[in-house]
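> Residue numbers (this note's numbering), protein chains in the order written: chain A, 1 to 244; chain B, 245 to 440.
Using N, Cα and C, we set each Cβ at its ideal position, and we do this for glycine too.
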Amino acid sequence: MKGVQFQQLRDAGDPAELAAAHSEAGADEVVLLDISATHEARATLCDTVRRTARELFIPFTVGGGIRSLQEAMAVFDAGADKISVNSAALANPSLITQIAGRYGSQAVIVAIDAKRIKLNLNTDGGARFEAYVSGGRRPTGRDAVAWAREAEDRGAGEVLLTSMDRDGTGAGFDCDLTLAVSQAVRIPVIASGGGGDTQSFVDVFHRGGADAALAASIFHFGLRHLADLKRELQSVGIPMRWPC
Amino acid sequence: MIALVDYRAGNLSSVKKALDHLHVDAAITSDPELVAQADKIILPGVGHFSATAVLDETGLRSAIVESVKRGIPFLGICVGMQWMFDSSEEAPETPGLGLFPGRCERFPERVKSPHVGWNTLVCDDRSRLLRGISTGSFVYFTHSYRAPLEKATVARCEYGGEFSAAVEKDRLFGVQFHPEKSGATGLKLLQNFCGL
């Protein structure tokens, strides 16, 4: 499933098939985010993870509704290499430490959904961003950059940073948001939300300081070919895994 | 039968899955006796170097040392490879196996740590482990500490300076990266090890 600005949902197909196709096409990693994350959906998630992981030999991250160490363990047992936590981590940051303690920081990604706060600037005049939870529905009042720093302190291995303003639009990543977080933490930052044309990817690496970029819509719906994109990025000097 | 050593350090299932895919007979075990009887041993590991202390406590260290003396092929992955060295700065009180000299150190401040993601190898083409894997091949890393370059280094990687990405000496092998997460290149490496 893929959301557009977190509101309309379009069905893209079976995750296990999509993951295999993207891996074949040259994806460096696959992220499966269960955005329904209702109680009924939990059992199906582990089954989906198992089926997806079976023939995947690139890093596989699973997130969406992971609220406890036990739930994380079930997802790891089903075949995830890394898990992603969002709402539950913000509500209880020690969850990050618990999971990292058991599986290592490199297995714990903290996902942050952030939205620009209009007309609200930093003392240096820069934009400010607020973290949202519950599939991007609930504002938390927390500064996204400050939360990223705390997540790192608590043991997160990477930050998956999604711009809610740009998500699903294909209008380009939010480079200001990405740069603010990338400069605030030492751990890798994966930019997400808004990936579209090649320039948008070039920008998020060069101007946003992203360590990695995540895109979904443009690949799921056949709008871009992953290998073409990687080739183009490599040709402008952004190191890419090639051949893939 | 290959023994995939379980010492409660991270997630073993990815390695098992890769071996299953290669139709290799492997068993996940924490039993020193099974390890002692294995034809080959793989020691995976993610997480903290101090976790290798469990190997001492459970008798697994002795079983591994004995097998290695008998020439049983041994492959250490990630922290498993670091443990083959003398020690690691990450847990100075935990001794490594000392099969390779040197101390594992953290990355310099100027680079982001951990080193996470795909990076390229500079390969020694005499390596048996890396047969068919050429310089420039990408593999997947995720680590905060790295092993120094030394005589047994058969693959180097550049990140905050060069470090040992793979070591090989007789029947001892170590890889800093995760072959089970490195796509076709990783599977090829595992196949090379299993085929010895």
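(1) I'd like to confirm the pairing. Which residues does DSSP put opposite H267 of chain B in its beta bridges?
(2) Consult DSSP for W242 of chain A and reduce its assignment to one of helix, strand or coil.
(3) Kindly list, in the order they appear in chain B, the residues whose Cβ is closer than 9 Å to that of E232 of chain A.
(4) So what's N363 of chain B in DSSP terms, helix, strand or just coil?
(5) For chain C, is any of its Cβ atoms less than 8 Å away from the one on E424 of chain B?
(6) Under a three-way DSSP split, which group does S408 of chain B fall into?
(7) Between S134 of chain A and the rest of its own chain, which residues show a CB-CB distance below 8 Å, the 5 nearest in sequence each way excluded?
(8) Of all the residues that make up the segment 81-105 of chain A, which are near chain B by a beta-carbon distance shorter than 8 Å?
(9) Which whole-angstrom value describes the C-beta separation of L164 of chain A and K115 of chain A, a residue pair presumed to lie in contact below a C-beta threshold of 8 Å?
(10) Can you pull the chain A residues whose beta carbon is under 7 Å from the beta carbon of T386 of chain B, in chain order?
(11) Taking all protein chains shown into account, do 16 or more other C-beta atoms lie within 10 angstroms of the C-beta of V249 of chain B, making it buried, or fewer, making it exposed?
(12) What did DSSP end up calling Y103 of chain A once you bin it into helix, strand or coil?
(13) The beta strand (DSSP E) with R400 of chain B in it runs from where to where?
(14) Counting only beta-carbon separations shorter than 8 Å, does Q7 of chain A have a partner in chain B?
(15) Could you please tell me which residues of the segment 356-379 of chain B, in chain order, have their CB closer than 7 Å to any CB of chain A?
(16) Please list the partners that A212 of chain A has in chain B, where partner means a Cβ-to-Cβ separation under 7 Å.
(17) Name, in chain order, the residues that DSSP records as bridge partners for H387 of chain B.
(18) Using a Cβ cut-off of 8 Å (strictly closer), state whether S257 of chain B contacts chain A.
(19) Is R415 of chain B helix, strand or coil when you go by DSSP?
(20) How big is the Cα-Cα spacing for F6 of chain A and I35 of chain A?
(21) To the nearest angstrom, how far is it from the Cα of E337 of chain B to the Cα of W327 of chain B?
(22) Given that a residue counts as buried once 16 or more other Cβ atoms are within 10 Å of its Cβ, and exposed if not, what is K425 of chain B?
(23) Of all the CB atoms in chain A, is at least one closer than 8 Å to the CB of A297 of chain B?
(24) Secondary structure at G65 of chain A, three-state DSSP: helix, strand or coil?
(25) Count the C-beta pairs between the segment 207-218 of chain A and the segment 372-390 of chain B that are closer than 8 Å, then say yes if the count reaches three, no if not.
(26) Rounding to the nearest angstrom, what Cα-Cα distance links A127 of chain A and R142 of chain A in this structure?
(27) Let me check understanding here. Comparing Cα to Cα, which of A:R50, A:D174, A:V108 and A:I117 lies closest to P188 of chain A?
(28) From what residue to what residue does the beta strand (DSSP E) around V189 of chain A run?
(29) Taking Cβ positions, are I66 of chain A and D28 of chain A nearer each other than 8 Å?
(30) Candidates B:T273, B:F318 and B:V290: which alpha carbon is nearest L343 of chain B's?
(31) Can you tell me whether T273 of chain B is helix, strand or coil according to DSSP?
(32) Can a CB atom of chain B be found closer than 8 Å to the CB of A19 of chain A?
(33) Any C-beta of chain B sitting closer than 8 Å to the C-beta of E158 of chain A?
(34) Rounded to whole angstroms, what is the Cα-Cα separation between M245 of chain B and A270 of chain B?
(35) Going by C-alpha to C-alpha distance, which of A:I190, A:P243, A:G155 and A:H225 sits closest to I112 of chain A?
Taking the definition as stated:
(1) The partner list for H267 of chain B (beta bridge, DSSP) is empty, contrary to what the question assumes.
(2) coil
(3) Those do not exist, as E232 of chain A stays about 18 Å from chain B at its closest Cβ, beyond 9 Å.
(4) strand
(5) Here the protein chains are A and B, and chain C is not one of them.
(6) strand
(7) S87
(8) D81, Y103, G104 and S105
(9) Correcting the residue type first, residue 164 of chain A is Met in the shown sequence and not Leu. Correct: roughly 4 Å between the Cβ atoms.
(10) Q106
(11) buried
(12) helix
(13) T397 to E402
(14) The pLDDT assigned to Q7 of chain A is 30, lower than 50, so where the model puts this residue is not dependable; a value taken from the coordinates is nonetheless given after this. No - not a single Cβ of chain B is within 8 Å of the one on Q7 of chain A.
(15) K356, S357, P358, V360, G361 and W362
(16) G361
(17) B:H359
(18) yes
(19) coil
(20) At F6 of chain A, the pLDDT of 33 sits below 50, so the modelled position is not reliable and the matter cannot be decided from this model.
(21) 13 Å
(22) buried
(23) no
(24) coil
(25) no
(26) 14 Å
(27) A:V108
(28) V189 to S192
(29) no
(30) B:F318
(31) strand
(32) no
(33) yes
(34) 6 Å
(35) A:I190
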